[in-house]
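Engineer: Residue numbers (my numbering): 2 to 298.
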Amino acid sequence: MEAKLRARWQKAKRPLAVIGLIVALVMVIVLIFVEVRLYGTGFAGKTLGEWLQLLIIPAVLAVGGYAFTYTTSRNERAATEKRTQAERDISLDNQREAVLQDYIDKMAELLLKDHLSELKPEYKEVRKIARVRTLTVLPRLDGNRKGSVLQFLYESNLIDRDNPIVDLNGADLSHADLGCVNWDHTNLRRANLRKANLWGACLDDADLSHANLREADLRAFLMRTTLKNAQLQKADLRGSVPTGTDLTFANLRNADLYDTDLSFTDLTGIQGITVEELKKKARSLQGATMPDGSKHP
Numbered sequence: 002m003e004a005k006l007r008a009r010w011q012k013a014k015r016p017l018a019v020i021g022l023i024v025a026l027v028m029v030i031v032l033i034f035v036e037v038r039l040y041g042t043g044f045a046g047k048t049l050g051e052w053l054q055l056l057i058i059p060a061v062l063a064v065g066g067y068a069f070t071y072t073t074s075r076n077e078r079a080a081t082e083k084r085t086q087a088e089r090d091i092s093l094d095n096q097r098e099a100v101l102q103d104y105i106d107k108m109a110e111l112l113l114k115d116h117l118s119e120l121k122p123e124y125k126e127v128r129k130i131a132r133v134r135t136l137t138v139l140p141r142l143d144g145n146r147k148g149s150v151l152q153f154l155y156e157s158n159l160i161d162r163d164n165p166i167v168d169l170n171g172a173d174l175s176h177a178d179l180g181c182v183n184w185d186h187t188n189l190r191r192a193n194l195r196k197a198n199l200w201g202a203c204l205d206d207a208d209l210s211h212a213n214l215r216e217a218d219l220r221a222f223l224m225r226t227t228l229k230n231a232q233l234q235k236a237d238l239r240g241s242v243p244t245g246t247d248l249t250f251a252n253l254r255n256a257d258l259y260d261t262d263l264s265f266t267d268l269t270g271i272q273g274i275t276v277e278e279l280k281k282k283a284r285s286l287q288g289a290t291m292p293d294g295s296k297h298p
């Protein structure tokens, strides 16, 4: 509290000092002018010009000194703020790393001691605990560490498309860095992947039905991927090859489909894009099921 009051007082003193300096200079000039007007040549026989020359030197020094002090103070304040922000960033990064390590340790314990990897009915509560821990930890992490969580689940065979042990329905994977990694045959149904980076990732045979992929980078491998009812508004699919992909009822409004190979994809009921736009943007529509259910030659 005391530091805040001191800072406010320092800010308040600056304009007061400037005003005081201006008032003092004005008073000196007025006194000199009055003296010269009344007594002709001024004190000790000095002329008005000589008095003004004597006045200019201390005035310039005073203004220069204030400008130097203000600039130095501003630079010091900026450096302090930069150091403080850097310390905050380091502290936050350390906290996120601690959260990630704690999550992995607890999940490893569930795997090793509580049979998490088994789909038997008696371990249903263990699976619920794993899901809750996963959904709770993800919003507390940055994009890279969200990718680490998903990598752990994938390598532990917990998010297999056909037999998912940890259900990621509603999981916050927004802004996750998932690029250039193998996610084939993964269950990501109804996950929140908004603005996620999936560039160069392998999503062959993965299930992303009903997933939120708005503004995601989906320049990925998408062979036979399920994107049914996916939210793909403003998603980047440039140059991708979603051959055989299920895009039924997906929303492609403002999605970038330039040079996308949509051969043999199912486009039944897609939203947000016209057939004319599809033909103009896609590299190929050979054998695709069109929005009206017809087959493209």
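Heads up, the beta-carbon is just placed ideally off N, CA and C, and yes, glycines get one too.
All of these numbers come straight from a predicted model, not from anything done at the bench.
Buried or exposed: which applies to S92, given that a residue is buried once 16 or more other Cβ atoms fall within 10 Å of its Cβ?
Structural biologist: Looking up residue 92 in the sequence shown gives position 91. When all chains shown are included, S92 counts as exposed.
Engineer: Quick one: what's got a C-beta closer than 8 Å to C203's C-beta in the same chain, skipping five residues either side?
Structural biologist: Numbered from its first residue, the sequence shown carries residue 203 at position 202. For C203, the CB contacts under 8 Å within the same chain, skipping 5 residues up- and downstream, are V182, N183, W184, D185, A221 and F222 in chain order.
Engineer: Express the C-alpha separation of E119 and S241 in angstroms, rounding to a whole number.
Structural biologist: Translated into the one-based positions of the sequence shown, residue 241 becomes position 240. Translated into the one-based positions of the sequence shown, residue 119 becomes position 118. Cα to Cα, the separation comes out at about 36 Å.
Engineer: CB I271 to CB P292, shorter than 8 Å?
Structural biologist: Counting from one through the sequence shown, the residue named residue 271 turns up at place 270. Counting from one through the sequence shown, the residue named residue 292 turns up at place 291. Going by C-beta atoms, I271 is nearer than 8 Å to P292.
Engineer: Under 6 Å Cβ to Cβ from G148, same chain only, skipping five residues before and after it: list those, please.
Structural biologist: In the sequence shown, residue 148 corresponds to position 147, counting from 1. The answer, listed in chain order, is A177, D178 and L179.
Engineer: Quickly, what does DSSP pair S210 with across the bridge? List them, please.
Structural biologist: Taking the sequence shown and counting its residues from 1, the one referred to as residue 210 is at position 209. As far as DSSP is concerned, S210 takes part in no beta bridge.
Engineer: Taking its Cβ as the centre, do 16 or more other Cβ atoms sit within 10 Å of S232, making it buried, or is it exposed?
Structural biologist: Numbered from its first residue, the sequence shown carries residue 232 at position 231. Reading the sequence as shown, one finds Gln at residue 232 and not Ser. Around the beta carbon of Q232, a 10 Å sphere encloses 16 or more other beta carbons of the protein chains shown; the residue is thus reported as buried.
Engineer: Mapping DSSP to helix, strand and coil, what is D103?
Structural biologist: The residue given as residue 103 occupies position 102 in the sequence shown. Residue state, collapsed to three classes: helix.
Engineer: I want to know whether the segment 194-214 touches the segment 160-176 - three or more CB-CB distances under 8 Å.
Structural biologist: yes
Engineer: Are T227 and D247 closer than 8 Å when you measure CB to CB?
Structural biologist: In the sequence shown, residue 227 corresponds to position 226, counting from 1. In the sequence shown, residue 247 corresponds to position 246, counting from 1. Cβ atoms of T227 and D247: closer than 8 Å.
Engineer: When the Cα of D206 is compared with those of D218, T244 and L214, which residue comes out closest?
Structural biologist: One-based indexing of the sequence shown puts residue 206 at position 205. Of the candidates D218, T244 and L214, the one whose C-alpha sits nearest the C-alpha of D206 is T244.
Engineer: For L263, which residues in the same chain have their Cβ closer than 6 Å to its Cβ, ignoring the five residues on either side in sequence?
Structural biologist: Residue numbering aside, residue 263 sits at position 262 when the sequence shown is read from its first letter. Hits under 6 Å: A283, L286 and A289.
Engineer: So, for A251: in the same chain, excluding its five sequence neighbours on each side, which residues have a beta-carbon less than 6 Å away from its beta-carbon?
Structural biologist: Within the sequence shown, residue 251 is the residue found at index 250, counting from 1. The answer, listed in chain order, is L228, A231, L233 and I271.
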